[in-house]
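Residue numbers (my numbering): 911 to 1342. C-beta: ideal position from N, C-alpha, C; glycine also. Since this is a predicted model, take the numbers as computed values, not measurements. I have placed the structure first, in the form of structure tokens, so that the comments after it can refer back to it.
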Ligand SMILES: [Mn+2]
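Dropping the structure here:
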């Protein structure tokens, strides 16, 4: 078993984290609990991203670091070898094998509680990621004050190293090709699930898998932001919106494309599509190093608001369309109700701030950050609370790319995935 990075990369991360933490500390980073699907079937296990980031351990386990007398040491607690269980679940690495991971020591999870209690007696402070492992939460139930290492880790995780970017490039490449494959194999009358299988089949064929449940929404279903039932037929004349991404060594891609299943945008579909594309390109262009986080959302929102006035969807001033300059709460929000993007990394909605609803203004963009740019417009037939122009009823369009901030400006990692009207129309159904 090969780790996605040299041990030195993990050890550098650990050293940076420890350099910002107080001495005489016990730090506990658990991975996820296994989750029951139903009866005795569990969901496929996906390790917690903090665990992957700290030491790349992919089985159940707990990463513990402690600084007792000025020196930091690390221990990885893992499941012990156990033939009875291994016959059913597979051969475990065990504490003996885990010595090859980037830690100073390994131990059996059977000894976890007693070893931690011992450490508590010898250190003054506890830092832990809570709410991830019931076992760890129970152990810490009596501890009065628990520090949160995520404050430091999230700041670290939002700047990607050269090697992390290599994995993200690969996820972006596979994700782009999967979308191309799905566009090429789409025919009118397809089930949403058939388009889903084209995308996810391509992920699997590429030794990858989805980074979040794929969204495949035909017609009005494309107006539901996180629709993933994927159980309806997409009819001739409808658009289909596919928001899907894959993982490479835990690093996500996240791509949205919208295309007409019959290969030809109608006039009203093209008007909305061209507007969203213009907003997306303006959003990407605003992803400059040193720019405040909010700039790319502001750029995309302005294009959308102006466009909605031009298309006579909105009958108001640009100021009223946009709303408060910091709140983006104007009338355009009726049709574009989400943020223009998010950080991307080990989590698809990656850590590091800059999410819609954050109280903080978000960080300045810096080289090494990766984020998505994904404006959209949604004219849901089912909305009775707002007036939907009949011309645009049933149209949901979102276009999303993954963008790396470099010192020279934005680099679109998913540039291999076509998005102009001509490119899309030329591609639909050609491989069916
Ligand atoms: Mn996204």
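Check                                                                                                                                                                   : Outcome
Beta strand (DSSP E) containing residue 1154: first to last residue?                                                                                                    : 1149-1154
Comparing the CB of residue 1311 with every heavy atom of ligand 2, is any distance shorter than 7 Å?                                                                   : Ligand 2 is not among the ligands present in this structure, which contains only ligand 1.
Would the stretch 996-1014 and the stretch 925-936 be scored as touching if the rule is three or more Cβ pairs under 8 Å?                                               : no
For the alpha helix (DSSP H) containing residue 1103, name the first residue and the last one.                                                                          : 1102-1115
Could you give the C-beta distance for residue 1324 and residue 1085, rounded to a whole number, given that I count them as a contact under 8 Å?                        : 7 Å
Just grab the DSSP bridge partners of residue 1288 for me.                                                                                                              : 1306
Can you tell me whether residue 1190 sits near ligand 1, meaning its C-beta is under 7 Å from at least one heavy atom of the ligand?                                    : no
When you compare the CB positions of residue 1203 and residue 1273, do they come within less than 8 Å of one another, or not?                                           : yes
Alpha carbon to alpha carbon, what distance is there between residue 1206 and residue 1194?                                                                             : 7 Å
How many whole angstroms separate the CB atoms of residue 1199 and residue 1275, which I take to be in contact at a CB cut-off of 8 Å?                                  : 6 Å
Taking 7 Å as the cut-off, does the CB of residue 1164 come closer than this to any heavy atom belonging to ligand 1?                                                   : yes
How would you label residue 1009, buried or exposed, when you count the other beta carbons within 10 angstroms and need 16 or more for buried?                          : exposed
How big is the Cα-Cα spacing for residue 1209 and residue 1250?                                                                                                         : 9 Å
For residue 1166, name the three-state secondary structure that DSSP assigns.                                                                                           : strand
Within 8 Å, do at least three Cβ pairs link the stretch 981-991 to the stretch 949-960?                                                                                 : no
Would the beta-carbon of residue 1157 be found less than 7 Å away from any heavy atom of ligand 1?                                                                      : no
Quick one: what does DSSP say residue 962 is sitting in, helix, strand or coil?                                                                                         : helix
Is any heavy atom in ligand 1 found nearer than 7 Å to the beta carbon of residue 1252?                                                                                 : yes
Contact between the stretch 1137-1150 and the stretch 1084-1101 is defined here as three or more beta-carbon pairs at a separation below 8 Å; is this criterion met?    : yes
Just verifying my parser: in three-state terms, what is the DSSP assignment at residue 995?                                                                             : helix
Quick one, which of 972, 1234, 1103 has its alpha-carbon nearest residue 1004's?                                                                                        : 972
Please specify which runs of the beta strand (DSSP E), each continuous and at least 3 residues long, are wholly inside the stretch 914-966, giving them in chain order. : 935-940, 946-948
Buried or exposed for residue 1235, please, with buried defined as at least 16 other CB atoms from any protein chain shown within 10 angstroms of its CB.               : exposed
Note the first and the last residue of the continuous beta strand (DSSP E) segment covering residue 1311.                                                               : 1311-1316
Thinking residue 1156 and residue 1121 are a contact (beta carbons under 8 Å), I'd like their distance in whole angstroms, please.                                      : 6 Å
State the DSSP-derived secondary structure class of residue 1171, mapped to helix, strand or coil.                                                                      : coil
State the DSSP-derived secondary structure class of residue 977, mapped to helix, strand or coil.                                                                       : strand
Quick one: does the C-beta of residue 1333 sit closer than 7 Å to a heavy atom of ligand 1?                                                                             : no
CB residue 1326 to CB residue 1079, shorter than 8 Å?                                                                                                                   : no
Within 10 angstroms of its Cβ, does residue 1136 collect 16 or more other Cβ (buried), or is it exposed?                                                                : exposed
Could you say if the stretch 935-944 and the stretch 1021-1032 meet the contact criterion of at least three C-beta pairs nearer than 8 Å?                               : yes
Short check: CB of residue 1140 to CB of residue 1181, under 8 Å?                                                                                                       : no
What are the start and end residues of each continuous alpha helix (DSSP H) run of 4 or more residues lying completely inside the stretch 980-1051, in chain order?     : 993-999, 1004-1007, 1022-1032, 1044-1049
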